[in-house]
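Here the sequence shown is numbered in the numbering used here, starting from 5 and rising by one per residue.
Glycine is no exception: its CB is placed at the ideal position from the N, C-alpha and C atoms.
Owing to the predicted nature of the structure, the values given are computational and were not obtained by experimental measurement.
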Amino acid sequence: MVTGNLFADMIVDGQSSINQRASKMLQTDLHVGVDWNDVQTIGEFQTLTLSKWIRDDPRARNLTKSERREILQQYALELAPNSTSENKNRYADTVIWADVTIKPV
């Protein structure tokens with residue numbers, strides 16, 4: 005996953021994940037700004053590993069999803085190339101990996 009200010013008007017930011025088909029009930033990690041009811045059940049999956057975003061989702065602060073996303077959006081704006089914030093260009097650089105067992109068909 006590419007993250008950062010590639011061009012003055014092109015911001016790329018995201019979270020990498022490695023997933024496999026499995027029971028949705030085994031899922032432990034969620035992308036920032038997402039709740040369980042947002043997760044689609046297309047081809048049940050399990051997140052094996054999920055990269056961190058530059059800050060944690062304020063999920064534990066008992067806020068609504070809209071309030072959480074507003075906080076995350078404001079922080080994302082602070083990362084932008086034209087920002088005057090001390091957080092300008094402070095994107096997360098991560099490498100993720102997972103051991104995967106493949107069953108023969």
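- Counted as a single uninterrupted DSSP element, the beta strand (DSSP E) harbouring LEU52 occupies residues 49-54.
- ASP103 and THR53 have their C-alpha atoms roughly 10 angstroms apart.
- Sequence-distant Cβ neighbours of ASN23 in its own chain, meaning closer than 6 angstroms and more than five residues away, are PHE49 and THR51.
- Annotation for GLU90: no alpha helix (DSSP H) segment contains it, and DSSP assigns it neither H nor E.
- In the DSSP assignment, LEU81 falls within the alpha helix (DSSP H) that extends over 69-83.
- Pairing GLU71 with GLY18, the inter-Cα distance amounts to about 20 angstroms.
- Here ASP61 is buried: its Cβ has 16 or more other Cβ atoms, across all protein chains shown, within 10 Å.
- Distances from the alpha-carbon of THR98 to those of TRP57, VAL38 and GLY37 put TRP57 closest.
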